[in-house]
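Read in numbering that gives the first Met the number 0, the sequence shown has 365 at position 366, and its numbers run on one by one without any break. For every residue, glycine included, the Cβ atom is placed at its ideal position computed from N, Cα and C. Taking it in order: structure first as structure tokens, then the write-up.
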Amino acid sequence: MRILSSQVSKHVGEEVCLAGWLHRVRALKSVTFAVLRDRDGLVQVVAADPELVRRLAELPEETVVEVVGTATANPQAPGGVEITSPTFRELSDPAVAPPFDLYRPVVSAGLPTVLDNAAVALRHPRLRAPFEISAASVEGFRRAMERLDFIGAHTPKVVSSATESGANVFALDWFGRRAYLAQSPQFYKQTLVGVFERVYEIGPVFRAEPHDTARHLAQYTSLDAEMGFVTDHRDVMAVVREAVADMVSSVAQRAAGAVELIGAELPDVPAEIPSIHFADAQELLARESGEDPRGEPDLAPAHERWLCEWAVREYGSELLFVTGYPMAKRPFYTHPDPLRPEYSNSFDLLFRGLELVTGGQRLHRHSDYLAALRARGESPEPYAGYLAAFAHGMPPHGGFALGLERFVARLTGVDNVRWTTLFPRDLHRLTP
């Protein structure tokens, strides 16, 4: 039976069978070393038989092979064990050479080359590692949600109207009718608060925003949650803290090898993440940063970076909540601050200089929704299905959305979110 590279050390002195990709072949004068790669790592195979040496010289790297041989202890071999007296069996046609050497420790190709050749480029251990971290992050989020009694849901990604965020949507033909790709599960997860009280979803969202930046994508993975019977947005922030803490813990436990390989630095998540009100943040920036953003309805990226650096100095925390964004900048369903109605009961979570989470308390009274839409000059008719839930009684509630690719990008320290996105979709890229 086949074993994995990580299990070879448990079978020293035994005949073993491995299978994987021919990662590298290195011929010396009297012996040839072949490195086999499988899902768990690498193992060295030593070939001395002249016929086998000749065959290996003809096999391109990335050819899929099966190897049967003896697991032999060797302190100089990777992992302290190698395979000797091997036989090889090819399990695929000879592979076409990859666009760059996958066996080199450092990736020599730039981002466009990696993305254009993702099917093979992602086999490089350093390029694969962020997605192991991503998978562990999702597992941690799911673990936190289940621990806090949230119910998982799967909502439609094709909707009948572009109602949530204006014109930045992708339109498509739906059996002769106009339909749109969903920008978020927001309306559905609020509706489901009336069903489950606490609900979460992990899935794709689509934004037709023409941003050609290192932090924006047209499709990304959103980790969403919504919860009923909240006092205000601070209850939601407490859940965000639990989710992020479990995500970091899961990465440390389940993706330790990937973290070590790429030198990712995991943050310490404080028992209570520090927060600052939007107005206070603007005053702080005006007083200490050399810029005066007062009067602006949002924070510029440079201001988010400055505030994160301030939080590290002031609190020793790489995470910072900014609360109370102006109502003018938030969606119509956002609950205003009862004491300062021009500000909202909303928040963003900043992490290492980047907005990671957006959330807050929502309106929950049907009459408040009608008033909010009138105030924005909008008709309630396009929202009839959504508003029905509130007409039938909804508790005070709130929720948040966390961008998975941004989270992993911050953990891994990459300069572009596309390094942490499988087959990214953006303003220019629709393949592979």
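Classification of residue i by the beta-carbon crowding that lies within 10 angstroms, buried from 16 upward
i      : result
Pro124 : buried
Thr62  : buried
Gln75  : exposed
Asp92  : exposed
Pro59  : exposed
Gly175 : exposed
Leu17  : buried
Pro209 : exposed
Asp223 : buried
Ser347 : Ser is not the amino acid found at residue 347; the sequence shown has Asp there. Classification of Asp347: buried, given that the 10 Å Cβ count is 16 or more.
Gln252 : exposed
Arg417 : buried
Thr411 : buried
Asp425 : buried
Trp305 : buried
Thr450 : In this structure the chain extends from 0 to 431, so residue 450 is not present and cannot be described.
Pro203 : exposed
Glu303 : buried
Trp173 : exposed
Val95  : exposed
Arg329 : buried
His232 : buried
His334 : buried
Asn344 : buried
Contact set for residue i: own chain, Cβ-Cβ below 6 Å, skip 5 residues either direction
i      : result
Gly227 : Val192, Glu196, Pro394 and His396
Ala47  : Val30
Leu3   : Asp37 and Asp39
Leu121 : Arg127
Arg140 : Note that residue 140 is Phe in the sequence shown, not Arg. Contacts found: Leu222, Ala242 and Met246.
Val356 : Val239, Leu348, Phe399 and Leu401
Ser84  : Gly68 and Thr69
Local conformation of residue i per DSSP, three classes
i      : result
Ser366 : helix
Ala327 : helix
His427 : coil
Gln43  : strand
Arg25  : strand
Ile261 : helix
Ser316 : coil
Ser159 : coil
Phe174 : coil
Tyr332 : coil
Glu271 : coil
Thr420 : coil
Ala70  : strand
Ala18  : strand
Gly193 : helix
Pro93  : coil
Gly256 : helix
His276 : strand
Glu290 : coil
Ala181 : coil
Leu298 : coil
Ala437 : With the chain running from 0 to 431 in the structure shown, residue 437 is simply not present.
Arg303 : According to the sequence displayed, residue 303 carries Glu and not Arg. Correct three-state label for Glu303: helix.
Arg38  : coil
Glu308 : helix
Thr62  : coil
Thr411 : helix
Phe406 : helix
Gly12  : coil
Glu341 : coil
Phe346 : strand
Close-in-space but distant-in-sequence residues of the same chain around residue i (CB under 7 Å, 5 per side omitted)
i      : result
Glu341 : Pro325 and Met326
Leu369 : Pro379
Arg88  : Val64 and Glu65
Leu353 : Arg214, Glu303, Arg405 and Arg409
Ala135 : Ser249, Val250, Arg253 and Ala254
Arg206 : Asn167, Gln182 and Ala217
Same chain, Cβ closer than 8 Å to residue i, neighbours up to 5 away in sequence not counted
i      : result
Thr420 : Leu216, Tyr219 and Glu404
Leu147 : Arg197, Val238 and Glu241
His427 : Asp211
Met0   : Cys16
Tyr179 : Val157, Val158, Ser159, Ser160, Ala161, Val168, Phe169, Ala170 and Leu171
Tyr102 : His22, Arg23, Val34 and Glu60
Thr230 : Pro395
Tyr332 : Gln185, Gln189, Arg361, Leu362, Tyr368 and Ala371
Could you give the uninterrupted runs of the alpha helix (DSSP H) lying entirely in the region 101-149, keeping only those of 4 residues or more? With a minimum length of 4 residues, the continuous alpha helix (DSSP H) runs that stay inside the region 101-149 are 110-115, 117-120 and 124-146.
Beta strand (DSSP E) runs wholly inside the region 207-250, at least 3 long, in chain order: As summarised for the region 207-250, the continuous beta strand (DSSP E) elements at least 3 residues long and confined to that stretch are 218-227, given in chain order.
Quick one: complete alpha helix (DSSP H) runs, 4+ long, within the region 348-402? The qualifying runs are 365-374 and 383-390.
Between the region 317-324 and the region 266-278, can you find at least three pairs of beta-carbon atoms closer than 8 Å? Cβ pair count under 8 Å is three or more, so yes.
So does the region 102-119 actually touch the region 67-74, counting three or more Cβ pairs closer than 8 Å? No, the region 102-119 does not touch the region 67-74.
Decide yes or no for the touch test of the region 253-263 against the region 356-363: beta carbon pairs closer than 8 Å, at least 3 of them. The region 253-263 vs the region 356-363: no contact.
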